[in-house]
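Here's the structure, in structure tokens; my notes come after.
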Amino acid sequence: MTGITLYHNPNCSKSRGAKEILESKGADFEVVEYLKKPLNAQGVRRLLKLLDVPPAELVRKDGHFRELGLKSEDYVTASAVATLLAEHPKLMQRPVAVRGERAVIARPPELVETLL
Numbered sequence: 005m006t007g008i009t010l011y012h013n014p015n016c017s018k019s020r021g022a023k024e025i026l027e028s029k030g031a032d033f034e035v036v037e038y039l040k041k042p043l044n045a046q047g048v049r050r051l052l053k054l055l056d057v058p059p060a061e062l063v064r065k066d067g068h069f070r071e072l073g074l075k076s077e078d079y080v081t082a083s084a085v086a087t088l089l090a091e092h093p094k095l096m097q098r099p100v101a102v103r104g105e106r107a108v109i110a111r112p113p114e115l116v117e118t119l120l
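Residue numbering for the sequence shown is 5 to 120, as defined by our numbering.
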């Protein structure tokens, strides 16, 4: 199987689930712990081009998002999302799996199988 890059947070059950699925399928994949090696804005824009979802889908609207005083309506464009996630990688949805010119937000984790 051709390589997959898994943007992974080991503290996230969904991310661990996607990793386990790839391991069980014998997939060739690389794990990138994006909180340790955050993407820059250009890297986020590349992900957004590969995902088949609106840019806002890549942003977690969780407690941290609210603590920062952010508003969902300010993060709908690729440019705004790229800038936000480069500055606050903790807000990126996870896991994200990339293979070639396709990417998926693997929520639920089984969505990672669409890249196999």
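The C-beta atom is built at its ideal place from N, Cα and C for all residues, glycine as well.
For residue 87, the uninterrupted alpha helix (DSSP H) run begins and ends at 82-91, by DSSP. Residue range 8-12 is occupied by the beta strand (DSSP E) that includes residue 10. Excluding five sequence positions before and after residue 57, the CB atoms of its chain that fall closer than 7 Å to its own CB belong to 109, given in chain order. According to the DSSP assignment, residue 108 belongs to the beta strand (DSSP E) that extends over 106-109. Bridge pairing for residue 34: 9 [DSSP].
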